[in-house]
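Chains as they are written, first to last, in the working numbering: chain V, 915 to 1044; chain D, 31 to 323.
Glycine residues also receive a C-beta, built at the ideal position from the N, C-alpha and C atoms.
Next up, the structure:
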């Protein structure tokens, strides 16, 4: 009762795991994925993808992206992904401070949007490490 | 005629040049390997994204500007990717030549052209002629290493200009890597998104089979996917360019090393001949001097 989990970023294929269950941070809420899931494409919000496999649970922090789910596969396309074990509370706090600073100094519409996105990512990062 | 010492010095200097070019060739070969690996690693992401995008674009009737255009084609942005350094054969020249040609085509069709230069060499070569058309210069992307976040920053920059209405269509010019000897200068339409007509038929079949559910909705996903695709395309072009640059440099330096070798052979022959000539001359002088006594 397993399905193939793949996590790809533009720079590398981060992980390929035989998984029994995957929890995906979908844009409209977390989504548990088991084998024989209906084919779905969803966008992701910043958050943690957790994978349960035969050799225990692993988690990855993704800063948004997409998931393509079919009956036997779950492929996550993320712009950047970090294994949860490599993510520290200090790094999350640092990202938070940076995002807050960017939010304060942003002047144009485009800068504001970018800063807000950064803030959402940092916020999710803090949640993930808490 | 050059003296023996001159010839000796000359041979020495060509030998040094050969050492340098052969070292550069070796460095380029190692870098080429790395660039190819990087390009290889980025492929799965780009392929999946393209598949998803073609699938979505074929079903959706969205009128987002990134897919439908702005409704006019007055201003055209050319995004030119070149190297930061020279000594790589015709690599930079070919890219710049293509940009010049495209600019001329567009200008004679009465359109406005803007140029976005990635890489020092392109900006240098175009600066004199089209200095006022260049809207931005980006340099030193491969220091210390090319990464997706750098390509993403360029894409964000381009998209911000697009949102401000600075241009209506954008084309990427880069060198597609074929082999170390052959790099193909390529124009790729970046904005509006040109989806693959060739695979259109196959995609329609696939779409029937797959029948994905979309969350939140097809259009919402498309709206998120399109800007990311710009980043992916820029990243892909930069990776291809990096591999092409190293390939071109490797070939150019290989030729230079071979030419230096030939030159050394010729000079050595000349050196030995003139050495022998001078010995013979001296002998004749001694012999005829002895006879005169």
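For residue j and residue i, believed in contact at Cβ under 8 Å, the rounded distance
i: residue 982 of chain V; j: residue 989 of chain V; result: 5 Å
i: residue 980 of chain V; j: residue 998 of chain V; result: The Cβ separation is near 20 Å, so there is no contact.
i: residue 1039 of chain V; j: residue 1009 of chain V; result: 6 Å
i: residue 184 of chain D; j: residue 148 of chain D; result: 7 Å
i: residue 51 of chain D; j: residue 286 of chain D; result: 4 Å
i: residue 995 of chain V; j: residue 928 of chain V; result: 5 Å
i: residue 75 of chain D; j: residue 264 of chain D; result: Going by Cβ atoms, the distance from residue 75 of chain D to residue 264 of chain D rounds to 13 Å, so no, they are not a contact pair.
i: residue 122 of chain D; j: residue 116 of chain D; result: 7 Å
i: residue 955 of chain V; j: residue 242 of chain D; result: 5 Å
i: residue 94 of chain D; j: residue 253 of chain D; result: 6 Å
i: residue 166 of chain D; j: residue 112 of chain D; result: Actually they are not in contact, since the Cβ atoms of residue 166 of chain D and residue 112 of chain D sit about 14 Å apart, beyond 8 Å.
Candidates the options: closest to residue i by CA position
i: residue 85 of chain D; options: D:249, D:297, D:291, D:127; result: D:249
i: residue 963 of chain V; options: V:921, V:993, V:953; result: V:921
i: residue 327 of chain D; options: D:60, D:274, D:113; result: Chain D is shown from 31 up to 323; residue 327 of chain D falls before or after that span and cannot be answered.
i: residue 189 of chain D; options: D:217, D:222, D:158, D:164; result: D:222
i: residue 961 of chain V; options: V:953, V:973, V:954; result: V:973
i: residue 953 of chain V; options: V:986, V:1003, V:939, V:1002; result: V:986
i: residue 108 of chain D; options: D:262, D:145, D:193, D:57; result: D:145
i: residue 260 of chain D; options: V:915, V:916, V:924, V:919; result: V:924
i: residue 64 of chain D; options: D:150, D:256, D:177; result: D:177
i: residue 940 of chain V; options: V:957, V:928, V:948, V:951; result: V:957
i: residue 169 of chain D; options: D:163, D:160, D:278, D:181; result: D:181
i: residue 1043 of chain V; options: V:1027, V:1007, V:1024; result: V:1007
i: residue 284 of chain D; options: D:35, D:59, D:32; result: D:59
i: residue 45 of chain D; options: D:293, D:299, D:253, D:214; result: D:293
i: residue 1034 of chain V; options: V:1022, V:1013, V:968; result: V:1013
i: residue 110 of chain D; options: D:56, D:135, D:197, D:203; result: D:203
i: residue 220 of chain D; options: D:206, D:212, D:199; result: D:199
i: residue 295 of chain D; options: D:33, D:37, D:129; result: D:37
i: residue 131 of chain D; options: D:57, D:217, D:53, D:271; result: D:217
Residue i in three-state terms, based on DSSP
i: residue 923 of chain V; result: coil
i: residue 242 of chain D; result: coil
i: residue 132 of chain D; result: helix
i: residue 173 of chain D; result: coil
i: residue 1004 of chain V; result: helix
i: residue 123 of chain D; result: helix
i: residue 86 of chain D; result: helix
i: residue 95 of chain D; result: helix
i: residue 964 of chain V; result: strand
i: residue 935 of chain V; result: strand
i: residue 971 of chain V; result: strand
i: residue 915 of chain V; result: coil
i: residue 60 of chain D; result: helix
i: residue 43 of chain D; result: helix
i: residue 220 of chain D; result: strand
i: residue 152 of chain D; result: helix
i: residue 230 of chain D; result: Low local confidence applies: a pLDDT of 45 at residue 230 of chain D is under 50, so the model's placement there is unreliable, and no value is given.
i: residue 940 of chain V; result: strand
i: residue 200 of chain D; result: strand
i: residue 929 of chain V; result: strand
Neighbouring residues, chain V, relative to residue i (Cβ below 9 Å)
i: residue 82 of chain D; result: 955, 980, 982, 991
i: residue 214 of chain D; result: Here the premise fails: no neighbours, minimum Cβ distance about 23 Å.
i: residue 251 of chain D; result: 941, 955, 956, 957, 980
i: residue 182 of chain D; result: 924, 993
Proximal residues of chain D, C-beta to C-beta of residue i below 9 Å
i: residue 1024 of chain V; result: 186, 189, 190, 193, 194
Segment limits, beta strand (DSSP E) that includes residue i
i: residue 144 of chain D; result: 142–148
i: residue 314 of chain D; result: Counting along the chain, residue 314 of chain D falls outside any beta strand (DSSP E), though it belongs to the alpha helix (DSSP H) covering 248–322.
i: residue 944 of chain V; result: 943–947
i: residue 106 of chain D; result: 105–111
i: residue 210 of chain D; result: Here residue 210 of chain D belongs to no beta strand (DSSP E), and DSSP marks it neither H nor E.
i: residue 958 of chain V; result: 954–958
i: residue 979 of chain V; result: 979–983
i: residue 166 of chain D; result: 164–168
i: residue 987 of chain V; result: 987–992
i: residue 996 of chain V; result: 995–997
Neighbouring residues, chain V, relative to residue i (Cβ below 7 Å)
i: residue 75 of chain D; result: 922, 923, 924, 991
i: residue 262 of chain D; result: 924
i: residue 254 of chain D; result: 957
Neighbour list for residue i in chain C, Cβ cutoff strictly below 9 Å
i: residue 1028 of chain V; result: The structure shown contains no chain C; its protein chains are V and D.
Extent of the continuous alpha helix (DSSP H) run through residue i
i: residue 224 of chain D; result: Careful: residue 224 of chain D lies outside any alpha helix (DSSP H) and carries neither H nor E.
i: residue 1031 of chain V; result: 1023–1043
i: residue 191 of chain D; result: 178–193
Contact set between residue i and chain V, taken where Cβ atoms lie within less than 8 Å
i: residue 71 of chain D; result: 925, 926, 927
i: residue 265 of chain D; result: 924
i: residue 78 of chain D; result: 922, 982, 989, 991
i: residue 178 of chain D; result: 923, 924, 925, 993, 994
Neighbouring residues, chain D, relative to residue i (Cβ below 8 Å)
i: residue 942 of chain V; result: 245, 246
Listed by chain order, chain D residues near residue i by CB distance under 7 Å
i: residue 952 of chain V; result: 243
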